[in-house]
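S.K.: First the structure, then my questions, so here it is.
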Amino acid sequence: MGHLDDFRAETRAWLEENCPESMRTPFSNDGDACWGGRNWTFASDDQKIWLERCVAKGYTAPTWDEKYGGAGLDRAQERILRQEMKRINARLPLSSFGIWMLGPALLKFGSEEQKLKYLPPITRGEIRWCQGYSEPAAGSDLASLATKAEDKGDHFLVNGQKVWTSYADKADWIFCLVRTDNSGTKHQGISFVLFDMESEGVEARPIKLISGRSPFCETFFENVKVPKENLVGELGQGWTIAKYLLTHEREMIGEMEAPRPLSEVAAQTMGLVDGKLPDSLLRGKIAEAEIDDWAFKMTMGRLLSEAKAGMSLGAKSSMLKYYGTELNKRRLELMMDAAGQDGLEWESDRSNDGQLARSWLRTKGNSIEGGTSEVQLNIISKHILQLPGA
Amino acid sequence: MGHLDDFRAETRAWLEENCPESMRTPFSNDGDACWGGRNWTFASDDQKIWLERCVAKGYTAPTWDEKYGGAGLDRAQERILRQEMKRINARLPLSSFGIWMLGPALLKFGSEEQKLKYLPPITRGEIRWCQGYSEPAAGSDLASLATKAEDKGDHFLVNGQKVWTSYADKADWIFCLVRTDNSGTKHQGISFVLFDMESEGVEARPIKLISGRSPFCETFFENVKVPKENLVGELGQGWTIAKYLLTHEREMIGEMEAPRPLSEVAAQTMGLVDGKLPDSLLRGKIAEAEIDDWAFKMTMGRLLSEAKAGMSLGAKSSMLKYYGTELNKRRLELMMDAAGQDGLEWESDRSNDGQLARSWLRTKGNSIEGGTSEVQLNIISKHILQLPGA
Amino acid sequence: MGLVLNEDEVMLRESAEGFFADKAPVTELRKLRDGNDETGFSRELWKEMADMGFAGILVPEEHGGVDMGYMAAGLVAEQMGRNLTASPFLSTAILAATALRNSGTPEQQAAWLPKIAAGDVIMALALDEGGKHNPRGTTVTAKPSGNGFKISGHKAMVVDGHVADALIVAARTSGEPGDADGISLFIVDPKSKGVDVERTIMVDSRNAARVDFDEVEVAGDALLGSLDEGMDALGTVLNAGRAAVAAELLGTSDQAFQITVDYLKERKQFGKIIGEFQALQHRASHLYSEMELCRSAVLAALTAMDANDKNTSLYCAMAKAKLGSVAKLAGVEGVQMHGGVGMTDEYDIGLYLKRIRVAQELFGDAHYHMDQIASAMNY
Amino acid sequence: MGLVLNEDEVMLRESAEGFFADKAPVTELRKLRDGNDETGFSRELWKEMADMGFAGILVPEEHGGVDMGYMAAGLVAEQMGRNLTASPFLSTAILAATALRNSGTPEQQAAWLPKIAAGDVIMALALDEGGKHNPRGTTVTAKPSGNGFKISGHKAMVVDGHVADALIVAARTSGEPGDADGISLFIVDPKSKGVDVERTIMVDSRNAARVDFDEVEVAGDALLGSLDEGMDALGTVLNAGRAAVAAELLGTSDQAFQITVDYLKERKQFGKIIGEFQALQHRASHLYSEMELCRSAVLAALTAMDANDKNTSLYCAMAKAKLGSVAKLAGVEGVQMHGGVGMTDEYDIGLYLKRIRVAQELFGDAHYHMDQIASAMNY
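Chains as they are written, first to last, in our numbering: chain A, 1 to 390; chain B, 391 to 780; chain C, 781 to 1159; chain D, 1160 to 1538.
See the structure below:
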């Protein structure tokens, strides 16, 4: 383990030296994240410096190979890096769908040219990506997508509409599922293509959510020309790639960590009487949620260890997605209960512009996006319990 | 209302005069009920006297016409009788499937001869009836019953098997659903027949339940001859009669009243600390259950009033059946929680032979018998919410 | 209790149904919100509600009201709930009217009740101070000063407080926070020196305010009801408020349920109408059953109010608790069954979810009432 | 914590799996029950379990045990739970062995541990007194008397108390019921004068007893652990008991779930296998998810026991709470999904429901632990 101990010491020293003070505090709101991209404006000099230093080390995508802009770390080293960053509360230098989603897909399904072309700019935060999966008529039934890409010799001609494209209005490029063939089952004939959002015929319109925010868009494609070399994997292999990414995303969503113990938030909000929360029923529900939170974290740890030991996670990712998102919804309901009337303010400074209420509303989408809870339960029924007709 | 006031005064006086002291206490266990029948042994002289006096007044079936052994009371009078009996805690003089189930069916679908033949012995507690509906392969899917009755000229020849026949081993006669025709849909070709359990070829075997009791039987019919005049209603009308009775039964099961407030039982079992139940979470769940109990009773009252005002109860009986039985299950779970380890004893005198535990186990059947909760939810989905494909 | 509406009540319900669907549907709330309306409600609508008799629904006839009682008021509240109608109905027609008719002096009644009935005045109850409902916890003080009192302290969640012409303020005239005794009610002009009103825009786009009192002087005749015994008067006001909010929640949650069922019949996924999926059917049918219980609970509470039944407080608390719980379920299930579009501002279901959150908190959430009920029933 | 079994543990689990499925399946419990067996368990089985090393699984090697630790003990308990195996494993191999190895004098260890490992002795913990678990509420007293003590009072739910060769009794040597301090543990011979043992047959057909102590004299060396500080020793014993019962419940509820899923795949209704009904599928899948969390909770608690982690008490409490809740759900859903046959004694699911009821109550139900956890975490 000497090699790892050395790595830890080096990493700690490097972080101590290079991570600016102001980058050592948790994100206080959505605006604190650094997403990069052609039109990115840094929130502060420190944000810029921190990104640049991490890019130079390959730390925005630590496990990717160095030729793709990564640091070439193995899993053990990556964990150490994460631990050391957490130790000083270092912010994530770059938030990126390119790193979290497109990257893994390209690494597994892309050609070497594609990897070399797309991955380095992603790691440098130069190109911001968005994901074009869902369509209005499809919803949970992702595979019934209708956006079509016609073969026009050297390019595809893309026509159709996507919805729930996260930050499409701010993204530079899109990775997109399109239908290249109508003849087989709905899962066949789907392909995975990449194109520039500045291409002629692309329009992104933000959708206003119940939280008052607009992180998603409706995105329209009218005769968009996509060069053939922008196809990832084989023609018709899009569904396989999408499923791979969905499993990946499901795990990530399931993993979203609760920043502070619920009981601590509640105690601060309501105050304690004789050392106890004054609402004894809420106290019980909070204890129940914290027990579940603990058991859920233990489960993620266990399944991760099993995965490392070579057992496949498979459909269990659906269980994590289902339970994690429902638990998070419960968590925010309980926080709202604890805050009571104070948590209902929407626009005041006092409430940080209704942050709690907006977060509460935002969580309602957790069990819908990335496959609804109902879809996850269907998957468990079919693939794990093997119930007939599921 | 003078007429009703008079009736109340008369009834009160009659009860005062005629109800023996020992019949003025609640049933303390199953054995206290009087079921009557050919082989009935009265638990006490008082039980016998009380039955005989009620029979003479027509009070075992108060709303039935006098010629059928009833008292010919209208609904308002019947309510007064019930109130006055409750006032002195008078026991039900006769528990009878004949009165609760067969009677209403005969009154609606039977011929005049059948009414005159069967109803009076029912009101006198001379013939004890059981119900032959469920079959092993049918379960919730009642209409898929297979017990067949072949037309042999002057009689039907009945062959098949029933299950969940309550007290079939103790009953004198059975009212029974049989298949007289296989050619149509499964709901067609079902007929409703009556026959003597002493007929050759009838055998009833008690089923031991998880509660340790055996109120139900498996009942076998091998070449049982049933005279044709024992058919109730038309040939093939059995399903209509059965549905009528099920709705009736559903309302009755939904109506089963909780004898004592849960909170009172819990306070007695656990004791109070500073005037509160020591388990604050259980206290909250009990309050929740009592609120639901109240709202459920209010709902039964409201729907009853609506029914009287001419609005049809219809599929709402499924809602009552579903909610009432699930609530009762919750109630017994909470009583077990309150009793803790003391409630787990099964055979001691202290625990009255494990009465609480056995009652708890018994309630698990509430949401199964008379149509499972799932079947009730299906009915609500289809007939009330009119959801497609339900 | 029959809990079945009589002919007059059926007529009133139908007229309210038509009125609110026509004059104040959900699109009106959106207009007020998106136009950043200063008041958050429509004064014209309120005037029309007065013309319909709704503003004076609890005001005695001699003061110009129609005096139809709580069942009637509840039927109106239910329709407002169904349409998410913003108006001072709760604050003025229910809470203030109840306080004045039960505890006001003849002079106070003559001064305020006719104006309430005419829709000429808006009054607001300033009771809660922190995040959770806690009447006994009142810390705002009213100290004797000359012939009157000086009021100091802070109130929050004062519904319609930012547009009120008069505030009914609960203040402590003796005892300590936590005591039931020692609270008194005062009618305070918000334009008085030392009163500072801050409008708070809530998640449901409806109206509330925080109000600061800095040594606010009021005359002796500002006292509403008996000195130190304000909890008695408040008891009835809160019963009325709980029953009315429960009735509103009945309308809100039932409508949320209805639009969800409609959506289930319309939306297709995996080649099926989603209403065909049994898992959703069973959840919808469960919610239907809960809604039936809710309706009975609300009717029972309103009936008890009108009959001045000895169980009134208990029934109002139980109805508020039951509606609080079930309405939350209806909101959450509604959004989930709508799927992605349920998260968009474009669909109405989210607005229902938000209003339910606020209303279930008003005058005590389900936990508050369960605790109170258990204590009242000695367990 | 990886929470993944190592090779030794996998081997142990497999051997326990085979052993209990072979020697002590559910039919054995039925035989003991229906034959009105006097002891309620099989002494031969217990002897065989000792031969397998299970009786001495926590006994140090120098005392003849295999000293494999709590993870190992939990794996055995899980398999016993799966088969509803009745045996003195919990009372003797877990509770008594933990108490003795942690708090016993060398003499006490030498006297009892080898016999425990050999399966030659049964010991029972006499702690609870009323319906609900409440160690601090101990009212049984032990008063100084000569060189020893006199014990008086009543104990209930003494698991295996009717067959025990020795009782470990928690008694108050100072302080008042409710105090954590002032409790001491004693090893008491049930054949002593003044001890009255009544076997109580429980809903799960398993063994417990009520024990009366009427001025029972014990010598000074009967004291197990420190005088007045018995709660320290008890703390570890209860952690072990909670982790072991949680592990047993994991086996019981997982098996209840499995036989239910099997039934769903087999039973036909309305022309369909009932497992095709989506409403049942979703409920089963939810339960599956809960079972996954349960497995992690149990493994985490057992791992903490073995590592003597600072969070051991917390983890054991959380595991017991979680298993208590989910196992109840598994039992209730199991019976409901079986429909009518689930109500019959012929099918096994009812036996699982019954055992779950008893086990979830042992050493504190979910409410008890939630309350304790909240207090421990300062809220």
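C-beta: ideal position from N, C-alpha, C; glycine also.
These figures come from a predicted structure and were not determined experimentally.
1) Counting only the same chain and skipping the five closest in sequence on each side, list residues whose C-beta sits under 6 Å from that of A:Met336.
2) Assess, as a yes-or-no matter, whether the segment 563 to 579 of chain B is touched by the segment 1453 to 1464 of chain D under the definition of 3 or more beta carbon pairs within less than 8 Å.
3) Should C:Thr865 go down as buried or exposed, given a rule of 16 or more other Cβ atoms within 10 Å for buried?
4) Using beta carbons (cut-off 8 Å, strictly below), is A:Ile80 in contact with chain D?
5) Check distances from the C-beta atoms of the segment 647 to 679 of chain B to those of chain A and list, in chain order, the residues that come in under 7 Å.
6) Determine the direct distance from the alpha carbon of B:Gly459 to that of D:Arg1369, and round the result to whole angstroms.
7) Would the beta-carbon of D:Gly1290 fall within 8 Å of that of B:Gln731?
8) Using a Cβ-Cβ cut-off of 8 Å, state whether B:Glu407 counts as contacting chain C.
9) So is A:Asp74 in contact with chain C if we call contact Cβ pairs under 8 Å?
10) Let me make sure I understand the geometry here. Which of B:Ala466, B:Gly602, B:Arg692, B:Ile631 has the alpha-carbon closest to that of B:Arg752?
11) Please name the residue in A:Trp239, A:Thr299, A:Ala295, A:Lys243 whose C-alpha comes closest to that of D:Leu1473.
12) Is the CB of B:Arg721 under 8 Å away from at least one CB in chain C?
13) Leaving out the 5 sequence neighbours to the left and right, which residues in its chain are closer than 7 Å to D:His1292 when beta-carbon positions are compared?
14) Could you give the DSSP three-state label for D:Glu1168: helix, strand or coil?
15) Which full runs of the alpha helix (DSSP H) of 4+ residues lie inside the segment 1183 to 1261 of chain D, going along the chain?
16) With a threshold of 16 other CB atoms inside 10 Å of the CB of B:His393, please say whether the residue is buried or exposed.
17) Which chain C residues are close to D:Gln1428, counting only those with a beta carbon under 7 Å from its beta carbon?
18) Could you have a look at A:Phe195 and say whether DSSP puts it in helix, strand or coil?
19) Please state the DSSP three-state secondary structure of A:Cys19.
20) Would you verify that the beta carbon of A:Ser317 is, or is not, closer than 8 Å to some beta carbon of chain D?
21) Could you tell me whether the Cβ of C:His1066 comes closer than 8 Å to any Cβ of chain B?
22) When Cβ atoms are compared, which residues of the segment 937 to 971 of chain C fall closer than 9 Å to chain A?
23) Return the bridge partner residues of D:Ser1357 from the DSSP annotation.
24) Can you list the residues of chain C that D:Phe1436 reaches, using a CB-CB cut of under 8 Å?
25) I'd like the list of long-range same chain contacts for C:Thr980, defined as Cβ closer than 7 Å, with 5 residues on each side in sequence excluded.
26) Tell me where the beta strand (DSSP E) around A:Cys54 begins and ends.
27) By how many angstroms is the C-alpha of B:Gly761 removed from the C-alpha of B:Lys633?
28) Does any CB atom of chain B fall closer than 8 Å to the CB of C:Ile1153?
29) Measuring CB atoms only, is the segment 885 to 895 of chain C touching the segment 1104 to 1116 of chain C, in the sense that at least three cross pairs come out at less than 8 Å?
30) Which bits of chain B does C:Ala989 rub up against, with CB to CB less than 7 Å?
31) Considering only C-alpha positions, which residue in the set B:Glu612, B:Ser534, B:Leu746, B:Phe499 is nearest to B:Gln627?
32) Taking the continuous alpha helix (DSSP H) assigned at A:Met335, which residues delimit it?
33) Is the CB of C:Tyr1043 under 8 Å away from at least one CB in chain B?
34) From the DSSP output, in three-state form, read off B:Trp736 for me.
35) DSSP three-state call for D:His1292: helix, strand or coil?
36) What is the rounded straight-line gap between the Cα of B:Ser708 and the Cα of B:Leu767?
M.R.: So, from the data block:
1) Only Gly343, Trp360 meet the Cβ criterion.
2) no
3) buried
4) no
5) Ser670, Leu671, Gly674
6) Taking the straight line joining both Cα atoms gives about 54 Å.
7) yes
8) no
9) Closer than 8 Å: no.
10) B:Gly602
11) A:Ala295
12) no
13) Non-local C-beta neighbours of D:His1292 in its own chain, meaning closer than 7 Å and more than five positions away in sequence, comprise Phe1522, Gly1523, Tyr1527, ordered along the chain.
14) helix
15) 1185 to 1193, 1202 to 1210, 1229 to 1242, all fully within the segment 1183 to 1261 of chain D.
16) exposed
17) Those within 7 Å of D:Gln1428 in chain C number zero; the least Cβ separation is about 13 Å.
18) In this structure, DSSP gives A:Phe195 an extended state, which the three-state scheme calls strand.
19) In the three-state DSSP reduction, A:Cys19 falls in the coil class, being neither helix nor strand.
20) no
21) yes
22) Met937
23) As written in the sequence, residue 1357 of chain D is Glu, which differs from the Ser given in the question. Answer is D:Arg1369, bridged to D:Glu1357.
24) Gln1058
25) Counting only Cβ-Cβ distances below 7 Å, and skipping sequence neighbours, we find Ala988, Ala989, Arg990.
26) Careful: A:Cys54 lies outside any beta strand (DSSP E), inside the alpha helix (DSSP H) at 45 to 57.
27) 11 Å
28) yes
29) no
30) Neighbours of C:Ala989 in chain B, taken as residues whose beta carbon is under 7 Å from its own, are absent, since the nearest beta carbon is some 32 Å off.
31) B:Phe499
32) 316 to 339
33) Chain B contact via Cβ: absent.
34) Looking at B:Trp736 - three-state DSSP - the assignment turns out to be coil, as it is neither helix nor strand.
35) coil
36) 7 Å
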